[in-house]
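J.:
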Amino acid sequence: MTTTSDIDVVCLGESMVTFLPARPGPLADVPSFDRAIGGAESNVACTLARAGHRARWVSRVGADGFGDHLVRTIAAHGVDISAVERDPERPTGIYFRTDGERATGAADPATHPSGLSEVLYYRAGSAASAMSPATVRPKAVHAGQVLHLTGITAALSADCLALLRALTSARTPAGSGAGPGPLVSFDVNYRVGLWRTPTAPRAGAEVLRELARHSDIVFVGEDEAAAAWGVTGGPEAVREVLREPAVLVVKQGAVGATAFVGDGTAVFAPALSVDVVSPVGAGDAFAAGFLSGTLRGLPVCERLRHGHLMAAAALTDAGDLAAPPAREVADRLVVLDGESWGRLRLGPGWTARGAQAAAAGRPDNPGEGEPEVRSV
């Protein structure tokens with residue numbers, strides 16, 4: 147892909163200040179919290195920036211200390227924050243969470259099933275929920291090769307939904323002389339709690355399918371497709387209900403991921419064996435890895451493997467924003483033969499050790515017994 151823009155990827159969406167328990171246990175029993183940041187779209191922007199791409203984050207934050215913290219932190223990762231607006235009337239959103247997987251089904255979050263994250267959002271009426279076609283500058287959004295969006299934004303407000311509909315439906319007419327717009331990347335990111343509407347319980351699911359059908363690259367988990375649309379039967383069944391996207395990536399958890407491209411090709415890449423520290427942020431990291439490979443024009447299998455490597459970095463780190471593997475290390479890993487790829491097992495600290503090995507001029511063939519990239 148080529149462009150004359152200074153930006154590779156624009157990521158639009160809400161970021162919030164996150165409060166993480168200082169010790170394990172349910173929120174009701176935690177006496178203190180550590181401050182961090184969270185937001186699917188800014189996570190993708192930060193990961194891409196740290197991987198060497200030019201990323202921009204577009205959003206709104208309050209004119210408050212939490213807004214200051216968000217903007218400073220995201221900028222420190224190398225992300226362009228020039229299009230972030232400050233809202234003097236609305237606050238920056240915050241949320242509290244425990245570690246664990248996010249619920250995708252209709253289970254009552256108050257029961258806190260084993261292994262699921264307990265999440266409490268305080269984002270109603272936030273500055274980001276005021277994003278709309280009237281408040282977001284078109285030039286700022288369309289500046290890159292890729293525009294990355296998620297279904298989370300669509301759930302924030304009617305104005306946010308109108309914005310996402312405008313961004314996913316708009317296409318530059320052929321022969322207009324205006325040039326092609328960016329590829330629209332859309333991560334379904336189904337959050338059952340955000341779409342819990344007693345009067346229209348299926349409205350959110352249909353909105354997400356509509357937005358996905360108007361996008362160029364779509365990411366969706368098998369579990370999300372089952373929860374939102376009742377789709378079962380594997381990646382092929384998901385493709386049957388989402389035929390329109392030029393690229394559809396169906397994430398299959400610890401099994402791997404399958405990418406469908408427009409010519410009918412289906413490419414599967416198995417996931418890596420990982421010693422999981424925290425599952426939070428892995429989906430955003432996977433999207434960043436796949437988009438990184440897309441920007442570089444890599445084969446689809448290598449794009450998927452870059453996604454798995456970025457996800458492995460997130461899974462083996464306690465925070466939402468793990469350091470991605472050094473590009474030279476990742477590039478050598480993604481071209482391993484299937485047997486060597488399958489033997490990799492990655493644990494905490496593997497990205498740092500891989501970067502050190504790369505700086506020292508090794509390993510020539512990661513996966514062949516090199517401890518720097520085979521933590522167990």
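Residue 147 is where the sequence shown starts when you use the working numbering, and the numbers rise one by one after that. Just so it is clear, CB atoms sit at the ideal spot from N, CA and C, and this is done for glycine as well.
Once DSSP output is grouped into helix, strand and coil, what is the label at M456?
T.: It is helical.
J.: For A167, name the three-state secondary structure that DSSP assigns.
T.: The amino acid at residue 167 is misidentified as Ala; the sequence shows Pro. Of the three classes helix, strand and coil, the one that applies to P167 here is strand, per DSSP.
J.: Spell out a yes or no on whether the stretch 269-277 and the stretch 286-303 are touching, meaning 3 or more CB-CB pairs, one atom from each, closer than 8 Å.
T.: Because the criterion of three Cβ pairs below 8 Å is met, the stretch 269-277 and the stretch 286-303 touch.
J.: Could you name the residues that DSSP lists as bridge partners for H294?
T.: H294 is bridged to C157, S331.
J.: Select from L461, V330, V426 the residue whose C-alpha is nearest the C-alpha of T440.
T.: For the residues L461, V330, V426, the minimum Cα distance to T440 belongs to V330.
J.: The alpha helix (DSSP H) with R359 in it runs from where to where?
T.: Element bounds for R359: 349-359.
J.: Grouping DSSP H, G and I as helix and E and B as strand, with all else coil, what is W341?
T.: Correct three-state label for W341: coil.
J.: Could you say which of V480, L492, G453 lies nearest to D463 if we only look at CA atoms?
T.: Comparing Cα positions, the closest option is L492.
J.: Ignore the nearest five residues each way along the sequence and tell me which others in V163's own chain have a CB closer than 7 Å to its CB.
T.: Here the set comprises R181, I183, F212, H215, L216, T238, I240.
J.: So if DSSP puts R491 in a beta bridge, which residue, or which two residues, is it bridged to?
T.: For R491, which the question treats as bridged, DSSP gives the partners S419.
J.: Within 10 angstroms of its Cβ, does V190 collect 16 or more other Cβ (buried), or is it exposed?
T.: The residue in question, V190, is buried, as its Cβ has 16 or more Cβ neighbours within 10 Å.
J.: If you pair each beta-carbon of the stretch 355-371 with each one of the stretch 330-341, do three or more pairs fall below 8 Å?
T.: Taking 8 Å as the limit for Cβ pairs, the verdict is that the stretch 330-341 does touch the stretch 355-371.
J.: Assuming G159 contacts S205 under a Cβ cut-off of 8 Å, what Cβ separation, rounded to an integer in Å, is found between them?
T.: Confirmed, about 6 Å.
J.: Taking the beta strand (DSSP E) that T404 falls in, what are its first and last residues?
T.: Element bounds for T404: 402-407.
J.: Quick one: give me the first and last residue of the alpha helix (DSSP H) that D214 is part of.
T.: Run containing D214: 211-222, per the alpha helix (DSSP H) assignment.
J.: Take A400 and list the residues in its own chain whose beta-carbon comes closer than 7 Å to its own, dropping the five residues that flank it on each side.
T.: Result list for A400: A417, in chain order.
J.: Does the Cβ-Cβ distance between L461 and V426 come in under 7 Å?
T.: Taking 7 Å as the Cβ cut-off, L461 and V426 do not qualify as a contacting pair.
J.: Pull up the CB-CB distance for V156 and L293, whole angstroms please, since I reckon it's below 8 Å.
T.: At roughly 5 Å, the Cβ-Cβ gap stays under 8 Å, so V156 and L293 are in contact.
J.: G339 to R243, Cα distance in whole Å?
T.: Near 14 Å, if we compare the C-alpha coordinates of R243 and G339.
J.: With distances taken from CA atoms, which of A433, A468, T219, A415 is nearest L482?
T.: Measuring from the Cα of L482, the nearest candidate turns out to be A415.
J.: Rounding to the nearest angstrom, what Cα-Cα distance links S315 and K285 in this structure?
T.: So the alpha carbons of these two residues sit roughly 17 Å apart.
J.: In angstroms with no decimal places, state the Cα-to-Cα distance between L394 and P177.
T.: If I take the Cα positions, the gap works out to 43 Å.
J.: Grouping DSSP H, G and I as helix and E and B as strand, with all else coil, what is E264?
T.: The answer is coil: DSSP assigns E264 none of H, G, I, E or B.
J.: At the level of alpha carbons, what is the spacing between D152 and G171?
T.: Each residue's alpha carbon lies about 45 Å from the other.
J.: Count the other C-beta atoms from every protein chain shown that fall within 10 angstroms of the C-beta of R218, then say buried if there are 16 or more, exposed otherwise.
T.: So R218 counts as exposed.
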